[in-house]
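Engineer: Per the numbering used here, the very first residue in the sequence shown carries number 344; after that it's consecutive.
Here a beta-carbon is modelled for each residue, glycine too, at the ideal position from N, C-alpha and C.
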Amino acid sequence: RHRFLRLPAEMKPEALNGIAEADETFMLDSRKGERDLPRKPRKRGGKTGRRGRSNEQVCIVVARDRSGVTADHVLEEFNSQTLLDAIQDTLPPDIVLCTDKNSVYSTFANITGITHKAVNLTAHFRVIDNVFHIQNVNAYHSRIKTWIRRFKGVATKYLPQYLGWFRWLDSHSKMPKPEELVLDACGQQRFSLANTK
């Protein structure tokens, strides 16, 4: 499985366009398969030992434009520098970035000079000017978390591959044929499937 997931993980868009939404979400940090753990192993489907965000969780930032072009990144920490390293190259100067009120995004926007629309979710203002919101990226977060549950826990070191897999699936309106899946996983190499038996 992981051999086939390497390429989708690397197939990220060069640029987003128009209005883009960005938001972070968190998943449990999983050291499944590792021998020397910095903590006691959790039972399958376990929970963090404390409330709120902690080093027991891993941050995933997703940036997505209104046409569905999506970039995702696993960050060791969530701050303006890691955000710059992750998504700056995919956001052209004329893009409009919609986020929540997290100060990391406003710092990012100030550094890059891009137009920034921050939605104040805590005050229940979810849409600005009937156009600017982060509902698409939040819906994407929901879909990916629902999809990834079937694997009963994904090791953090493999998380980028699974994000790439889901990004690839989400970009197709219809489920691709097995032959198309294999060809895409191999970089669209033209080979005869009959000769791979």
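For the alpha helix (DSSP H) that contains residue 452, what are its first and last residues?
Structural biologist: DSSP places residue 452 inside the alpha helix (DSSP H), whose first and last residues are 446–455.
Engineer: Whole angstroms is fine: what's the gap from residue 489's alpha carbon to residue 398's?
Structural biologist: Within the model, the alpha-carbon separation for residue 489 versus residue 398 is close to 23 Å.
Engineer: Once DSSP output is grouped into helix, strand and coil, what is the label at residue 487?
Structural biologist: helix
Engineer: Indicate whether residue 476 and residue 368 have their beta-carbon atoms separated by less than 8 Å.
Structural biologist: Contact flag unset, no.
Engineer: Spell out a yes or no on whether the region 496–515 and the region 397–412 are touching, meaning 3 or more CB-CB pairs, one atom from each, closer than 8 Å.
Structural biologist: yes
Engineer: List the residues that DSSP assigns as beta-bridge partners of residue 400.
Structural biologist: 371
Engineer: Would you report the Cα separation of residue 446 and residue 364, rounded to the nearest angstrom?
Structural biologist: 15 Å
Engineer: Grouping DSSP H, G and I as helix and E and B as strand, with all else coil, what is residue 407?
Structural biologist: strand
Engineer: Measure the alpha-carbon distance for residue 418 versus residue 464 and round it to whole angstroms.
Structural biologist: Distance between residue 418 and residue 464, taken at the CA atoms: about 23 Å.
Engineer: According to the neighbour-count rule (16 or more other Cβ atoms, all chains shown, within 10 Å of its Cβ), is residue 352 buried or exposed?
Structural biologist: buried
Engineer: Please tell me whether residue 349 and residue 504 are closer than 8 Å, where the distance is taken between their beta carbons.
Structural biologist: Going by C-beta atoms, residue 349 is nearer than 8 Å to residue 504.
Engineer: Could you give the DSSP three-state label for residue 437: helix, strand or coil?
Structural biologist: coil
Engineer: According to DSSP, is residue 500 part of a helix, a strand, or is it coil?
Structural biologist: helix
Engineer: Three-state secondary structure (DSSP) at residue 513?
Structural biologist: helix
Engineer: Looking only at its chain, what residues have a beta carbon closer than 6 Å to the beta carbon of residue 487, apart from the 5 residues adjacent to it on each side?
Structural biologist: 509
Engineer: Report the option in 460, 500 and 467 whose CA atom is closest to the CA atom of residue 371.
Structural biologist: 500
Engineer: Whose CA, out of 469, 431 and 344, lies closest to the CA of residue 452?
Structural biologist: Of the candidates 469, 431 and 344, the one whose C-alpha sits nearest the C-alpha of residue 452 is 431.
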